[in-house]
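Encoded as structure tokens, the structure appears first; notes follow it.
In our numbering, the protein residues as written are 254 to 492.
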């Protein structure tokens, strides 16, 4: 899919992270027909946040500094709080919550197997890119939920400060050795395609199988990728 990729910028890397002031991604496209049933949406959203919390805790335990360990664990707690809130909403639709999240958990695990790396800083980059991009996508899909649920889900999924924490960790990594800039930029580009496949798994079945699926999805992915590019540029990486 051609829209997975953006042109590289040739600007010199900038290492100072500034607080994120831009809003969550929005789209002018009607997403109502793209959004899956509420229970399916919530189940997949739960799995993403539970996985993010687990991954953040894992990289925190191997952090290069106490400052990074603290930032990553705080971010893990935020993801877990988000999971608990989404789980409570899912319980209104599904009596067996663990059963409801089993399938999306298995599906996500298959994608994450392609993200495996032994480099700690690349693991942090994976969380920053993949879980940032997918959370943006779920925020857009939430626009197709019933009004009350949409409002609550949007409140839960909005960035609560963990993106600044992760950006700070990456900033400190880049200050250690400028060679990490090219390595992390390359790694981030490798992640985008698979991250988009995770997003595709969340769509309503009828949309994925439709003949005009590409036409319907391109504007949505374009919005998400624009936000993704900004996310990388703020830490001096190229998309």
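Yeah, the Cβ is synthetic: ideal placement off N, Cα and C, and Gly gets one too.
Per-residue burial, residue i [other beta carbons within 10 Å of its own, 16 or more giving buried]
i: residue 369; result: exposed
i: residue 275; result: Unreliable placement is indicated for residue 275, whose pLDDT of 48 sits below 50; the coordinate value is still reported in the next sentence. By the 10 Å Cβ count, residue 275 comes out exposed.
i: residue 387; result: buried
i: residue 429; result: exposed
i: residue 474; result: buried
i: residue 480; result: buried
i: residue 340; result: buried
i: residue 484; result: buried
i: residue 321; result: buried
i: residue 308; result: buried
i: residue 357; result: buried
i: residue 319; result: exposed
Cβ-Cβ separation, residue j to residue i (assumed contact under 8 Å), whole Å
i: residue 313; j: residue 333; result: At roughly 12 Å, the Cβ-Cβ gap does not stay under 8 Å, so residue 313 and residue 333 are not in contact.
i: residue 477; j: residue 389; result: 5 Å
i: residue 354; j: residue 299; result: 5 Å
i: residue 328; j: residue 444; result: With a Cβ gap of about 18 Å, residue 328 and residue 444 do not count as contacting.
i: residue 377; j: residue 423; result: 6 Å
i: residue 392; j: residue 289; result: That belief does not hold up - the Cβ atoms of residue 392 and residue 289 are roughly 15 Å apart, past 8 Å.
i: residue 469; j: residue 295; result: Between residue 295 and residue 469 the Cβ distance is about 22 Å, and since that is not below 8 Å, they are no contact.
i: residue 486; j: residue 440; result: Going by Cβ atoms, the distance from residue 486 to residue 440 rounds to 16 Å, so no, they are not a contact pair.
i: residue 338; j: residue 409; result: 5 Å
Three-way DSSP call (helix, strand, coil) for residue i in this model
i: residue 275; result: Because the pLDDT of residue 275 is 48, which lies under 50, any placement of that residue in the model is unreliable, and the number read from its coordinates should be weighed accordingly. Three-state result, residue 275: coil.
i: residue 320; result: helix
i: residue 283; result: coil
i: residue 344; result: coil
i: residue 358; result: helix
i: residue 488; result: coil
i: residue 417; result: helix
i: residue 455; result: coil
i: residue 399; result: coil
i: residue 368; result: helix
i: residue 293; result: helix
i: residue 430; result: coil
i: residue 379; result: helix
i: residue 447; result: helix
i: residue 424; result: helix
i: residue 476; result: helix
i: residue 288; result: coil
i: residue 405; result: helix
i: residue 258; result: Below a pLDDT of 50, predicted positions are generally treated as unreliable, and residue 258, at 31, falls in that range; the measurement from the model is reported next regardless. Three-state result, residue 258: coil.
i: residue 335; result: helix
i: residue 411; result: coil
i: residue 267; result: Residue placement at residue 267 cannot be trusted, given a pLDDT of 36 that sits under 50; what the coordinates show is reported in the next sentence. Residue 267 falls in the coil class under three-state DSSP.
i: residue 349; result: coil
i: residue 308; result: helix
Beta-carbon proximity check, residue i vs residue j, cutoff 8 Å
i: residue 383; j: residue 292; result: no
i: residue 397; j: residue 285; result: yes
i: residue 310; j: residue 421; result: no
i: residue 343; j: residue 451; result: no
i: residue 438; j: residue 491; result: yes
i: residue 365; j: residue 336; result: no
i: residue 385; j: residue 347; result: no
i: residue 331; j: residue 413; result: yes
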